[in-house]
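Following this note's numbering, the numbering of the sequence shown begins with 201 at its first residue and continues without gaps. For each residue, glycine too, the CB sits at the ideal point set by N, CA and C. Since this is a predicted model, take the numbers as computed values, not measurements.
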Amino acid sequence: MAVIKLPLDQALPWYNFSIVLSGTRYGIEVRYNTRDARWRLSLYDAGGAAILLGLPMLTGRSITDQYRTYPVPPGVLAVIDTTGNDTPATLGSFLTTHALVYAEPGT
């Protein structure tokens, strides 16, 4: 059981990468939406088929918990404020004050 910090870079408003979470490969797309000043996450299966699209990335809350009937990773996928202030992630805050993490089940 582990907590994994997902690879994001503070300089980019859009990320697309593949990662293994709890033994299953997923595609993750993270985009900053300038209209609502919020990061959004889309999740894809290993073949590139969409599982969930445009989920808001709220600090301190699981992104996928309410979607357990879909084939989402079984652990907790969340944004954390590394300063402990629970402020929302901004366009340039990843790798400085915020991180996208995945906690394996039972962690």
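field: Integer Cβ distance of T297 from T282, believed to fall under 8 Å
entry: The pair is a contact, with the Cβ atoms about 6 Å apart (cut-off 8 Å).
message: Does D286 come out as helix, strand or coil in the three-state DSSP assignment?
response: When secondary structure is reduced to three states using DSSP, D286 falls in the coil class, being assigned neither helix nor strand.
task: Measure from the alpha carbon of A249 to the alpha carbon of each residue in A299, I263, Y270 and P305, then state which is nearest.
output: Among A299, I263, Y270 and P305, the Cα nearest to that of A249 is on Y270.
- prompt: Who are the near neighbours of A303 in its chain, counting only those whose CB is closer than 6 Å to its CB and skipping five residues on each side?
  reply: Cβ contact annotation for A303 (same chain, cutoff 6 Å, sequence separation greater than five): V203, G275 and V276, in chain order.
message: In the DSSP output, which residue or residues are listed as bridge partners for E229?
response: According to DSSP, which records beta bridges pairwise, E229 is partnered with N216 and S242.
- prompt: With 16 other CB atoms within 10 Å as the buried threshold, where does F294 fall?
  reply: The residue is buried, with at least 16 neighbouring Cβ atoms inside 10 Å.
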